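Note that the protein sequences, when read in sequence, are chains A and B. What the first sequence shows, in the numbering used here, is residues 610 to 764, in sequence order. What the second sequence shows, in the numbering used here, is residues 610 to 764, in sequence order.
There are 2 protein chains.
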Amino acid sequence: MSKLEWPALDPATVEERRGSGYPEPYRSRMGARVKHRLGDACGLTRFGVNLVTLPSGGQSALRHWHTLEDEFVYVLEGEVTLVTDAGEQTLRAGDCAGYPAGKRDAHHFINRSGAPARYLEIGNREQADEAFYPDDDLQYAKNGDGYTHKDGRPY
Amino acid sequence: MSKLEWPALDPATVEERRGSGYPEPYRSRMGARVKHRLGDACGLTRFGVNLVTLPSGGQSALRHWHTLEDEFVYVLEGEVTLVTDAGEQTLRAGDCAGYPAGKRDAHHFINRSGAPARYLEIGNREQADEAFYPDDDLQYAKNGDGYTHKDGRPY
């Protein structure tokens, strides 16, 4: 049992979050992804830090890019397949990737291995952020209508 | 040899940064700390992500707090002593800590173990940020005179 006290913590003591904010049929594609919101648990507001466990067959997200939010991922255990416009690469424990805000190269992880993978995902928070999903009929506007079809219709 | 291509990378391929921006006698206290600026290497600008190797006897920083920058640390290997106003705690691989901007509880890591420690440090970037150092005759204003004595005199 961890005896750490704020501002430190043992991630195992942070509530597990399952599921996704995507509408169906996208939500189900994520698999049994589990997140621990470590930054929130420490009281941070400028950026989020999530510890993610991605089981075999799971996805980190739909392939997407953000207009105003940088993202960074660092692989802690297992291996994941990074998919971008250029194709696929396998990342293993100790590898990382960074996605600058506004760079129109959509990205996500898929776990094609037979074992769970764990990684940290980090992103700054911008109220006017939007996200684009080139492979799916989906778009996101944080200050607007949230997730909609590409023609703006609600889900 | 890593074959990863942007936006992914192997941290071992990122340039090592040694030393610190502190004036003496503070710089020498940090020990032979080594940083790899992973976020910068990926082209990120909203926040920084450094992979830090802290040898036995080294310090992450002088004990400090920031006015506008959240900070987060995640321990990857070894153990470090976190020092805050409340005292000391030992963090090991898998433990983390977060320091909200404006929280006047100064913090740093010291490596009191006999082995190197490794951790990720993350912080958002704010041009008007200032940092305060309760244990030392030092203050920092990013938009102002940088590091000065507490009465404003330059080093």
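For glycine and all other residues, C-beta sits at the position ideal for the given N, C-alpha and C. Since the model is a prediction, treat every value here as computed from it, not as a measurement.
- Ranked by Cα distance from tyrosine 742 of chain A, the options A:Thr757, A:Tyr749, A:His673 are led by A:His673.
- Distance from the CA atom of leucine 685 of chain B to the CA atom of tyrosine 728 of chain A, rounded to whole angstroms, is 12 Å.
- In this structure tyrosine 764 of chain B is exposed. Its beta-carbon is surrounded by fewer than 16 other beta-carbon atoms within 10 angstroms.
- The continuous alpha helix (DSSP H) containing arginine 636 of chain B extends over residues 635-638.
- The stretch 657-670 of chain B makes contact with the stretch 711-725 of chain B: 3 or more CB pairs, one atom from each, lie closer than 8 Å.
- Around histidine 716 of chain A, the beta-carbon contacts reaching into chain B at under 7 Å are Pro616.
- Remark: C-beta atoms of aspartate 738 of chain A and lysine 759 of chain A do not approach each other more closely than 9 Å.
- When DSSP states are grouped into helix, strand and coil, alanine 650 of chain B belongs to the helix group.
- Within a 10 Å sphere around the beta-carbon of glycine 707 of chain B sit 16 or more other beta-carbons, which makes this residue buried.
- Residue pairing of arginine 626 of chain B in beta bridges, as defined by DSSP: B:Lys644.
- When DSSP reads this structure, threonine 757 of chain B sits in a beta bridge with B:Gln748, B:Pro763.
- For threonine 676 of chain B, the closest Cβ of chain A is not nearer than 9 Å.
- Under the 9 Å criterion on CB atoms, threonine 693 of chain A is classed as interfacial with respect to chain B.
- Of all residues in the stretch 642-655 of chain B, those with a C-beta nearer than 8 Å to a C-beta of chain A are Leu647, Gly648, Ala650, Cys651, Gly652, Leu653, Thr654, Arg655, reading in chain order.
- Judged by beta-carbon spacing, arginine 646 of chain A lies beyond the 9 Å limit of aspartate 679 of chain B, meaning their Cβ atoms are not closer than that value.
- The residue among B:Asp694, B:Gly732, B:Arg638, B:Ala710 with its C-alpha nearest the C-alpha of histidine 716 of chain B is B:Asp694.
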